[in-house]
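In our numbering, the protein residues as written are 287 to 392.
Where a beta carbon is used, it is the ideal one built from N, C-alpha and C, also for glycine.
None of the values given here were measured: they were computed from a predicted structure.
Notes follow once the structure below has been shown.
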């Protein structure tokens, strides 16, 4: 259950990171409310996950999901450049997240 909460927390992290782009510096009320809501849910679920998982592992996985997911959505939604180096780096982040899951199967 803790890993499921952690993955969901990571997905909410992606939502709020992408949401920042749409808040226009927190001047647009609805995107801002959605972004802040996703921030709160992300941190709450991370907090629940660390009740059972080591904090170092949980935080690294949470940020890894957020970083890789946000980079991929930046490419697909926001037209950010696709380069071999970017894809390689995203792949390394995903490999690290998978590795942490394998060595911490709680």
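Exposure label - residue i; buried when at least 16 CB within 10 Å
{"i": "residue 298", "result": "buried"}
{"i": "residue 378", "result": "exposed"}
{"i": "residue 331", "result": "buried"}
{"i": "residue 319", "result": "exposed"}
{"i": "residue 353", "result": "buried"}
{"i": "residue 344", "result": "buried"}
{"i": "residue 350", "result": "buried"}
Under 8 Å between C-beta atoms of residue i and residue j
{"i": "residue 325", "j": "residue 348", "result": "no"}
{"i": "residue 381", "j": "residue 328", "result": "no"}
{"i": "residue 335", "j": "residue 291", "result": "yes"}
{"i": "residue 374", "j": "residue 338", "result": "no"}
{"i": "residue 360", "j": "residue 300", "result": "no"}
{"i": "residue 364", "j": "residue 307", "result": "yes"}
{"i": "residue 309", "j": "residue 321", "result": "yes"}
Test: residue i CB closer than 8 Å to a CB of chain B
{"i": "residue 343", "result": "No chain B appears in this structure, which consists of one protein chain only."}
Presumed contact (8 Å Cβ cut-off) between residue i and residue j, rounded CB distance
{"i": "residue 384", "j": "residue 357", "result": "So it is not a contact: roughly 16 Å between Cβ atoms."}
{"i": "residue 390", "j": "residue 340", "result": "6 Å"}
Collapsed DSSP secondary structure at residue i in the structure displayed
{"i": "residue 312", "result": "coil"}
{"i": "residue 287", "result": "coil"}
{"i": "residue 317", "result": "helix"}
| request: Counting only runs of 3+ residues fully inside the segment 324–381, write out the beta strand (DSSP E) ranges in chain order. | output: none
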